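Here the structure comes first, spelled out in structure tokens, and everything after it is commentary.
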Amino acid sequence: MKFFASRFGTSRCALVAGLASFVVAGVALADGHVYTATNPAWKAECGSCHVAYPPALLPAASWRALMMQLDQHFGTDASIDAKTAREITAFLEANAGRARKETSATPVLRITETRWFQKEHDEISARTRRSPAVKSAADCEACHTQAAQGDFSERTRRAPR
Ligand code: HEC
Ligand code: HEC
5 MKFFASRFGT SRCALVAGLA SFVVAGVALA DGHVYTATNP AWKAECGSCH VAYPPALLPA
65 ASWRALMMQL DQHFGTDASI DAKTAREITA FLEANAGRAR KETSATPVLR ITETRWFQKE
125 HDEISARTRR SPAVKSAADC EACHTQAAQG DFSERTRRAP R
């Protein structure tokens with residue numbers, strides 16, 4: 005099974021279990037999901053390999069854990085100097101989503117593994133998931149064309165073929 009399909013695969017079970025571990029706290033604007041928190045170091049360092057994922061999409065504990073192991077970052081080395089790392093960690097924590105209920109001792113490191121993400125994305129067609137234009141579920145920009153601007157609203161979405 006392709007990586008992408010497996011990432012989305014468990015959403016039904018998650019729904020049935022009904023254990024939302026956290027919600028995206030009041031950061032979205034009224035017209036949809038637009039995340040405005042920004043920081044130059046974060047944008048430069050965390051937006052160079054992939055879109056700079058909005059801090060609100062993971063709770064603070066997740067960001068802390070992720071920032072402590074940048075040398076082993078999802079199979080790649082994303083290390084940065086200690087001063088920049090501290091600045092980015094502080095920014096991520098200050099703008100993080102709120103942790104609701106801890107379902108496990110280890111914080112989830114992937115947005116794509118959170119229950120809200122899987123629930124939100126469980127109706128995407130198999131055809132879209134298999135599209136060569138979508139590298140993985142983490143490839144937000146493939147469908148959210150303005151993700152780099154923090155815009156995940158309906159208006160800027162498209163289904164790649
Ligand atoms: C050297 C390249 C590189 C840099 C720099 C980098 N990342 Fe990543 N990041 C990756 C790769 C590769 C993945 C895995 C993508 C995939 O699974 O498709 C990833 C995945 C992630 C994920 C999980 C996405 C998901 O939900 O599946 C998060 C969160 C993340 N990065 C945050 C950050 C943050 C915060 C920074 C800045 C401190 C950063 N990244 C810098 C390469 C990088
Ligand atoms: C294959 C296409 C695709 C990919 C990749 C994708 N999304 Fe989505 N996303 C969608 C679609 C379609 C919806 C609307 C789902 C619905 O309303 O049923 C959505 C909804 C959302 C929403 C809710 C927006 C709203 O207005 O309710 C957020 C937030 C979101 N996605 C974030 C992300 C993030 C962050 C990533 C990358 C880590 C990502 N998405 C990757 C297609 C995608």
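Using this note's numbering, you'd call the opening residue of the sequence shown number 5 and step up by one each time. Even for Gly, the Cβ is constructed at its ideal location relative to N, Cα and C. Values in this document were obtained by computation on a predicted structure and should not be read as measured data.
Candidates the options: closest to residue i by CA position
i       : options                            : result
Thr-40  : Glu-49, Leu-61, His-54 and Cys-53  : Leu-61
Ala-89  : Ala-130, Ala-56, Cys-50 and Pro-63 : Cys-50
Ala-141 : Gln-76, His-37 and Tyr-57          : Tyr-57
Check: residue i C-beta below 7 angstroms from any heavy atom of ligand 1
i       : result
Thr-168 : Look at the range of the chain in this structure, 5 to 165, and you will see that residue 168 is not part of it.
Arg-114 : yes
Asp-75  : no
Lys-47  : no
Lys-87  : no
Gly-154 : no
Between the CA atoms of residue j and residue i - distance to the nearest angstrom
i       : j       : result
Glu-158 : His-54  : 21 angstroms
Ser-83  : Gln-122 : 28 angstroms
Ala-65  : Phe-95  : 13 angstroms
Ala-21  : Ala-98  : Unreliable placement is indicated for Ala-21, whose pLDDT of 31 sits below 50; no coordinate value is reported for it.
Arg-162 : Ile-128 : 11 angstroms
Arg-68  : Leu-113 : 9 angstroms
Asp-143 : Phe-78  : 14 angstroms
Ala-24  : Arg-119 : Its pLDDT being 34, under 50, Ala-24 is placed unreliably in this model, and the value from its coordinates should be taken loosely. Taking the straight line joining both Cα atoms gives about 6 angstroms.
Glu-124 : Glu-91  : 31 angstroms
Met-72  : Asp-85  : 12 angstroms
Asp-126 : Pro-164 : 16 angstroms
Asn-43  : Pro-59  : 11 angstroms
Three-state secondary structure assigned by DSSP to residue i
i       : result
Cys-155 : Going by the sequence as given, residue 155 is Asp instead of Cys. Reduced to three states, the DSSP call for Asp-155 is strand.
Thr-80  : strand
Gly-30  : Reliability of the predicted coordinates at Gly-30 is poor, the pLDDT of 42 falling under 50, and no value is obtained from them.
Ala-103 : strand
Pro-63  : strand
Ala-137 : coil
Lys-87  : helix
Ala-109 : coil
Glu-127 : coil
Identified DSSP bridge partners for residue i
i       : result
Val-38  : Asp-155
His-148 : Arg-161
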